[in-house]
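Heads up: the sequence shown begins at 1435 in the numbering used here, then just goes up one per residue.
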Amino acid sequence: DPRDGLKEAAPRSRLRSVIDMLGSITINIIDNNTLSLRQLRGSLPRTFGGAQQGAAQMSILTPPATLTGASGAILDAEPLAPTIGGGFIGTGPRYPAGASIREVPAGIVQGTTTMQGSDGAGPVAAVQAAPTLSITSFDVDTGVSKHDGLTNDANVFLSGTISPGQPDSALLLLVYSGDTQVGTAVVYPNSQTWTSYDTMLIEGVNNLTVRLADRPSTSNVFAVTLDTKPPVLTVTDIVTETAATVSVFGTVDGVAAGTQIQLRLENGTSFATTAGPDGTWSFIGLLRSAIIDSFTVAATDAAGNSGSAQYVFKAASGGFTYDQYVFGTASDVRVYGEQRVYVGGQALDTDVSETGTQIIWGSASNTTLGGTQFVWGTAIDTSVERQLWSNVTPIQYVGAGGYAFSTTIRFGEQIVYAGGFASGTSIISGSQTVYGAASDVYIYGAGAQYLYGTAAHTTISGAGRQTVYANATATGTTLYAGATQIDWGTAVDTLIAGGSQYVWGTATTTTINTGAQYVGAGATANGTIINGAGEQVVYDGGIAIGALIVGGEQVVYGSAEQATVGNGGLQSVYGSATGTIVNNGGEQSIHAGGTSTGATLSFGAVQIDWGMAIGTTISGGSQYVWGTATGTTI
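Rendered as structure tokens:
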């Protein structure tokens, strides 16, 4: 009956015939492999040493010395667990590894053990133990030696074998580095070998093993070290030995002793040496006549990683100074000041004058420097020029992930933080700090701009200040004479000379001279002109359109359109006011629900309105309206 058959977990071993419980079962443990039987279906009485239990018997015919014991146990139909190492043939009560023979441990054994249950009909099927998988080689082994298990290529090809081989169907293999799966492979039918094309190593030592995906197996440990970090070179000294010779001394970090060092001159001549145990190296007695403008020192470590440092220098005080270190990439570069391009950095089409300094971890291209630039992100089309007659050094910082395009700085500073974007910036004297986005910015006269949001088409001078917070926008802003704009909302076409504007809502087409405007959240101010220390306050949800305030004040909670407030006049609108003129200390208050249209108030006149007032002219008098007043002259 097939349901009474013995199922095994070893790969590539299948029972090819029905197990007849009247026959016998032979279990072979070979090649020092791990035996792990997943399931035994049906009940099989067994004995050890020939003592029969039940109608059939099982006996160990050739037990190794490690398999000893007596007494039997009835095997039941439960699946065996665990399935890898330390499991048992059958289940019943489970015992720890090393238990007596009545629950045969699945472990490493020597030689062949045959277990047989028979009534005389003879053996029917055989089951082998778990197979052995071996990793035999990998590719590519980079560096000088091809047999040191060291590479700088994370994607390697592994090859290996399986024993016993030649499975009936394809088997999936999993490749591990320690406990982390790093690749797969396939053993094809009737094959004894396999290859993994997708193994991705982890930086450092990888203790590689391979496993069958669906059943127990054993594997050797194959060590491969991934080293992708290029050596970092430093020239520590250039010594003038004689009038005709110089010596170059330096160090290489992060690599083992034995790293190959090469020094190349502009004329194509090269010299080679090996770093010492402490990473130091030297080239002694180089001809000064051969060193025209520069030399390059390069290092190649055992994994094949290369690092280089280019030194551009000039004669100084009878010796040499070196001004450029390049560990990344430098192309079309002219350096008379100082440049450092670190690993992963890139400098293209760069001119660094004697007063200039550029330090690059990111990318800088089309750069002219007489000042200082630090680049972790990207800087393109940069001109940071120190004026020869000035001791002020202009500076630009571009953070990781930051972007600066078309920048000109003369006496100021620009800082573009991670994620920031600055395009078309010109700073003659002043500063710009960008966390958000800035475009088409002109700053002079010690102006300053701080951007967490977005600003476009901005001119700031005369110690003016603009701060645009996250999610806010300012477009077409001109600030001078100490003007200030602080924006949490939207400001469009603002001109402020010596005044201030604070925007939480929306302010459009604003002109302020020595006055102030406050626009609250959800409020709108459109076409505002404030002169002579005038002030407009538009509270949350308020609307002010076409206000002209000259030395007066307008406070809007409701809606005010076409208001002119001057000479100490005051208009407070909680309702609706349209076409109002308040002069010479006049005052109009429109309460909630009230409306005023075409009011002119002068010479201390007062109108207080809870109702409706239309066409009112008051000179020095007062009107209080709860109902309706039309065409009133007082």
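Glycine included, each C-beta is placed from N, C-alpha and C at the ideal position. If you're wondering where the values come from, they're calculated on a predicted model, not measured in any experiment.
C-beta contact flag for residue i and residue j at 8 Å
| i | j | result |
| --- | --- | --- |
| Thr1618 | Ala1564 | no |
| Thr1685 | Thr1714 | yes |
| Asp1735 | Pro1665 | yes |
| Ser1863 | Gly1846 | yes |
| Val1786 | Tyr1776 | no |
| Met1634 | Asn1589 | yes |
| Leu1567 | Val1655 | no |
| Ala2039 | Ile2052 | yes |
| Trp1795 | Val1818 | no |
| Gln1694 | Ala1706 | yes |
| Ile1920 | Tyr1936 | yes |
| Thr2031 | Ile2015 | no |
| Thr1948 | Gly1966 | yes |
| Ala1917 | Ala1941 | no |
Nearest-angstrom beta carbon gap, residue j and residue i [assumed within contact, 8 Å]
| i | j | result |
| --- | --- | --- |
| Glu1969 | Glu1987 | 5 Å |
| Leu1699 | Phe1717 | Leu1699 to Phe1717, Cβ: 10 Å. No contact. |
| Gly1932 | Ala1915 | 4 Å |
| Thr1801 | Thr1812 | Not quite, the Cβ-Cβ distance comes to about 12 Å (not below 8 Å), so this is no contact. |
| Ala1852 | Gly1836 | 6 Å |
| Gly1961 | Ile1977 | About 12 Å; that fails the 8 Å criterion. |
| Gly1881 | Gly1896 | 7 Å |
| Gly2107 | Gly2009 | Because the chain here runs from 1435 to 2068, residue 2107 falls outside it and cannot be looked at. |
| Tyr1876 | Ser1860 | 5 Å |
| Arg1844 | Gln1821 | 7 Å |
| Leu1592 | Val1609 | 6 Å |
Classification of residue i by the beta-carbon crowding that lies within 10 angstroms, buried from 16 upward
| i | result |
| --- | --- |
| Phe2037 | exposed |
| Leu1607 | buried |
| Glu1788 | exposed |
| Ala1997 | buried |
| Thr2062 | exposed |
| Val1558 | Confidence at Val1558 is low in this model, with a pLDDT of 34, below 50, so the placement of that residue is unreliable and no value is reported for it. |
| Ser2056 | exposed |
| Tyr2058 | exposed |
| Asn1641 | exposed |
| Asn1624 | exposed |
| Asp2043 | buried |
| Trp2060 | exposed |
| Asp1553 | Annotation note: pLDDT 33 at Asp1553 (below 50); position unreliable, coordinate value reported separately. Burial call: exposed. |
| Val1850 | buried |
| Thr2067 | exposed |
| Asp1712 | exposed |
| Thr1570 | exposed |
| Gly1805 | buried |
| Val1826 | exposed |
| Thr1901 | buried |
| Thr1576 | buried |
Spatially closest choice to residue i from the options, by CA coordinates
| i | options | result |
| --- | --- | --- |
| Gly1833 | Ser1824, Gly2003 and Val1868 | Val1868 |
| Asn1701 | Thr1730, Gln1694 and Glu1847 | Thr1730 |
| Gly1985 | Tyr1991, Gly2000, Val1972 and Gly1975 | Gly2000 |
| Gly1594 | Asp1587, Gly1858, Tyr1622 and Gly1932 | Tyr1622 |
| Gly1910 | Tyr1878, Asn2017 and Thr1943 | Thr1943 |
| Ser1579 | Ala1798, Gln2022 and Ala1737 | Ala1737 |
| Thr1842 | Gly2054, Gly1835 and Ala1856 | Ala1856 |
| Ala1838 | Gln1807, Glu1819, Thr1907 and Val1826 | Gln1807 |
| Thr2064 | Gln2057, Gly2049, Glu1819 and Gly2054 | Gly2049 |
| Ala1781 | Arg1774, Thr1791, Ala1764 and Asn2018 | Ala1764 |
| Thr1907 | Leu1913, Ala1917, His1891 and Gly1896 | His1891 |
| Thr1703 | Thr1816, Leu1721, Leu1929 and Leu1803 | Leu1721 |
| Ser1683 | Gly1710, Thr1570, Ala1904 and Val1971 | Strictly speaking, residue 1683 in this sequence is Phe, with Ser absent from that position. Out of Gly1710, Thr1570, Ala1904 and Val1971, Gly1710 has the C-alpha closest to the C-alpha of Phe1683. |
| Gly1923 | Ala1904, Leu1803 and Arg1820 | Ala1904 |
| Ala1957 | Tyr1878, Val1972, Ile1930 and Gln1951 | Val1972 |
| Asp1766 | Gly1779, Thr1784 and Val1937 | Thr1784 |
| Asp1927 | Val1826, Trp1938, Ala1889 and Tyr1952 | Ala1889 |
| Thr1668 | Asp1687, Ala1657 and Ser1681 | Asp1687 |
| Ile1930 | Ser2030, Ala1657, Val1953 and Ile1963 | Ile1963 |
| Asn2018 | Ala2026, Gly1992 and Ile1983 | Ile1983 |
| Gln1615 | Pro1598, Gly1599, Gln1600 and Ile1636 | Ile1636 |
| Ser1611 | Asn1739, Ser1934 and Val1658 | Val1658 |
Are the segment 1663-1677 and the segment 1616-1634 touching by the rule of at least three beta carbon pairs closer than 8 Å?
-> no
So, do the segment 1672-1681 and the segment 1591-1605 have three or more beta carbon pairs nearer to each other than 8 Å?
-> no
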